[in-house]
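Numbering (full-length UniProt numbering), first residue to last: 1 to 1106. Glycine is no exception: its CB is placed at the ideal position from the N, C-alpha and C atoms. Read the structure below first, then the notes.
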């Protein structure tokens, strides 16, 4: 307020010239009591300050305004005023990112949606070359029914893995590393490294498979003239055959080319991705269009058969001395006759080295020639188009051995179409399984997704479902459109060495041929690009010392060393020399990875850890277990030798990492699982606290009820039932009953056993699995006993971390002091503390409540309030209740909206469904009711203290121990003094709090013997110097917090089933705890039916990570 020139300083009155008299109001202002609350407009997230700077102030002794440097604000009760405790951090500290932060975030993140970020990339990865060059052959060998069985097993395996993947991926933020990050952070460094290496090898070997598949398409169908060794080499597919060497040579050349492209940077790789996908989609449309077109126009390619034996086009054309390999209708009808040269070729046999072999050859020769004379040469439609008759013929299976032209009948690879490998149901399943892999693409791109928790489940499951439908549709298309003998022709030798699927396509076979080649080249680039980065992620975690050099990257953030090492391993796989051989090896790497994804989901679903809160709800432990079983079934059914090697390799890496002793705080599920096992697991987890995301409430239930043989205290029963409802976290529970007495007293021991049985019976009734115990204490030793309990209870990793206590009955001073010791020592030992108020109104396990569970969120507590509310909601008693979060804001409306947006995002990332409300607690005058309550509290405290000092010696009953006569054993000083009861109407003192208005400061009437009133102390300079005025000012602020918050809670949560509040940090002094702290909490929860005060230690930070 402006002052007139020459006027005395504000608030000063003059009796005479030159004399200044201080007014009553100014004395009160100097005391600091009447200063209004300042509004906290914004709190920086990095600044944990106990107060904010108030730009207003009181008047100093020199008459000039002085600034307060410590403002307690509207939430003074929740600020820790003890020097030994951590400062409070309020919800108001949430701030929205500035323009620069947003620009950096947008630059680093692509913000892709479901379609571009997950669905299309996953489809591109799944739909590969195997679909074009092997699916029709699988149909020809296994028949449509068994092909559908193979597809059902393979697609079910990946679909179930997708469900588990969706649950794991939505249970927190998946950082760079994708599937490796998920597995390592959920199963631990040992299993994470083992499976991560296998996943890396899967991507590396997949590069080889795609490249060799591309070489096959190139040399067989696009440019056969490039084959080293000419046309004759196409049939030489042995381990060291000419065609196998062609695959090795050209595969190596393509690998070098792709390494050079990848070395130029990931941007060059991404340019080919859309081209490859478009080609694959066009090829699929061409196949289905061709099936319809061949049926309508009847213009499919013709093939030459000798009975059911399919002859090679190259053989019959060359035999007719026709150098033009283009076959038209007249030529194939002319050549497909019983010519002499065909008989000679059919009846010819190789020279034998011994006479016995010669005789055997002659016998086979006679049989072949005899059979040839009885055969018929005929021309049939190889591609009749979609029709029911062809479909019916292709339903059954016709498995063959290597070298057979028909089931059980040998053939010659010189002029007949024969099989190059032994074919069984499981061999086909192993060969085709790589066609359904690629489901982890979305998880690998999590860093570029706008909302991974939404995009990964919907995009991955949609892509897997789409590709599964495509595979089944293609199988039906091939079975109904292509002749059975042509389906068994893996390389198209009966149709002039064209790709079988391409020959079906319309309008041109080149759509499929070129599309399949580009898809292999693009897929190989993707794998070769991602594999070195995966290796770098494993090396960067530093759990395998041997891989440390691969953690380095170039200045362009490219893992060049990892690329070279990946190329070396890919070259080793290329040397296998055949797509089928590489595919069999590739299966086991992918299947091990998929199996562990399913095991992660199964393990977390069974353990039901508090951190297991996937946003994706459509999962079940049985589905994950079935998915893992299918993975191992496919592995061991396909080739048990390779499966054994994969398992041994995984176990070897696991033991190597364990032996090297890599310690990583990843919060893995194996550590959580160890908490539920026996001694070995206890030894594993004994020395280390669990990761915050593995935190679960290990309960120590403190029972201070009145125990009697024939009377049951309902408060203890309700508290045990509440503990059972919190056990959705599957943690430890120890119920400890505190008894006043001595273990040396023979009468007390039987009483302790009776009480223990009663507690255990109550735990059994509440279905609370745990342990019960009793503890004797004597008043002078109460603090030491409580300290010993908190430090020694539990064993190894099974130590209580959460103290559950009940609000005391203040008519029983024993309970009050016991409550104080429980709370103070619980906080000192860094336990989470839960205080129940109104415990007799809490439901037992047979009741069902509906309504609201309201979380009043004042302090940034790491999310412990929401975690406890979530655990309560998992129990059948509270399952129908809806969670609501009320966040306290001391900012204006605009900043409150920003805070609401940030908190909504935070709650969403916590995977907890709750409604959010922002409650603005703006600046307001301190009410008369606050002053009245503080005065009454101060009066009772002084009466209590004086009464206790007077009766200390005579009322102690022999329990006083001078060694414990200090603040830590307040019980010993004031043992059971009677409370001072206020009577009469308080007198009022009117104090001018500011220039415009007055407020009334009330104090209760004091006993006649009192020399100094409360008002006297306010203006006593000596009192101010001693800190009494400062403490009184702080008490008023804290009481104001309690009153105002109580009014706000009653206004917004009048009918809520349960209210959860942050527990203000308790004072370290017992006297302040009993006479002030409990009063604040009592006022804060007036007229509330059920209340849980929750104070976290910081170890139970609820995690948004996976």
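Neighbourhood of residue 243 by C-beta distance below 7 Å, restricted to the same chain and skipping five residues each side:
233, 234, 236, 237
Buried or exposed (CB count within 10 angstroms, at least 16 for buried), residue 830
exposed
Going by other Cβ atoms of all chains shown within 10 Å of its Cβ, with 16 needed for buried, is residue 54 buried or exposed?
Low local confidence applies: a pLDDT of 38 at residue 54 is under 50, so the model's placement there is unreliable, and no value is given.
For residue 482, the three-state DSSP class (helix, strand or coil):
In this structure, residue 482 counts as coil in the three-state DSSP scheme.
Run through DSSP, which three-state label would residue 912 get?
coil
Nearest by alpha-carbon distance to residue 496: which of 455, 577, 313, 483 is it?
Relative to residue 496, the option among 455, 577, 313, 483 whose CA is nearest is 313.
Using 10 angstroms around the beta-carbon of residue 231, count the other beta-carbons present and answer buried if the total reaches 16, otherwise exposed.
Per the 10 Å Cβ criterion, exposed.
Determine, for residue 523, whether the minimum Cβ-Cβ distance to residues of chain C falls below 7 Å.
Structure shown: chain C not included; a single protein chain is present.
For residue 737, write down the residues that DSSP places opposite it in a beta bridge.
Answer is 703, 774, bridged to residue 737.
Give every residue of the same chain whose Cβ lies closer than 6 Å to the Cβ of residue 493, excluding the five residues on either side of it in the sequence, and list them in chain order.
312, 417
Euclidean distance between Cα positions of residue 126 and residue 290:
23 Å
Separation of residue 543 from residue 385, as counted between CA atoms
57 Å
Outcome for residue 536 when other beta-carbon atoms lying within 10 angstroms are tallied against a minimum of 16:
Answer is buried; the Cβ neighbour count reaches 16.
Tell me, please, which residues DSSP counts as bridged to residue 856.
According to DSSP, which records beta bridges pairwise, residue 856 is partnered with 886, 1061.
For residue 229, count neighbouring C-beta atoms within 10 Å of its own C-beta (all shown protein chains included) and say buried if the count is 16 or more, exposed if not.
Only exposed fits residue 229, as fewer than 16 other CB atoms lie within 10 angstroms of its CB.
Taking DSSP as the reference, what is the three-state secondary structure of residue 309?
The three-state reading of DSSP puts residue 309 in strand, counting E and B together.
Supposed contact pair residue 587 and residue 638 - C-beta distance, whole angstroms, cut 8 Å:
6 Å
Cα-Cα, which of 897, 558, 798, 851 is closest to residue 264?
The shortest CA-to-CA distance from residue 264 to any of 897, 558, 798, 851 is the one to 558.
Can you check which of these residues, 183, 194, 76, is closest to residue 651 by C-alpha distance?
194
What number of angstroms, rounded off, separates the C-alpha of residue 1079 from the C-alpha of residue 190?
52 Å
Whose C-alpha, out of 791, 745, 799, 784, is nearest the C-alpha of residue 771?
799
Whole-angstrom C-beta distance between residue 143 and residue 468, which should lie under 8 Å:
Their Cβ separation, rounded to whole angstroms, is 19 Å, which puts residue 468 and residue 143 out of contact at 8 Å.
On the CB-based measure, 16 or more other CB atoms within 10 Å of its CB, does residue 146 come out buried or exposed?
Buried: at least 16 other Cβ atoms inside 10 Å.
Does the contact criterion of 3 or more C-beta pairs under 8 Å hold for the segment 781 to 792 versus the segment 747 to 758?
no
May I ask you to report which of helix, strand or coil DSSP gives residue 154?
helix
Does the Cβ of residue 65 have 16 or more other Cβ atoms within 10 Å, making it buried, or fewer, making it exposed?
Low per-residue confidence applies at residue 65: pLDDT is 39, beneath 50, and the placement is therefore not dependable enough to give any value.
Cβ shell of residue 338 (< 7 Å), same chain only, five flanking positions each side left out
377
Go ahead and pull the three-state DSSP assignment for residue 851.
strand
Burial state of residue 185 (16 or more Cβ within 10 Å)
buried
Just reading off the alpha helix (DSSP H) that residue 336 is part of, what are its end residues?
Per DSSP, residue 336 belongs to no alpha helix (DSSP H) and is neither H nor E.
Report the residue from 1040, 814, 886 whose alpha carbon sits nearest the alpha carbon of residue 1051.
That would be 886, whose Cα lies nearest to the Cα of residue 1051.
Alpha carbon of residue 277 to alpha carbon of residue 519, nearest angstrom:
Cα to Cα, the separation comes out at about 7 Å.
Cα separation between residue 488 and residue 470?
21 Å
Taking 8 Å as the cut-off, does the segment 926 to 937 touch the segment 1031 to 1046 (at least 3 CB pairs, one atom from each stretch)?
yes
What are the residues that DSSP puts in a beta bridge with residue 409?
406
With 16 other CB atoms within 10 Å as the buried threshold, where does residue 847 fall?
Classification for residue 847: exposed.
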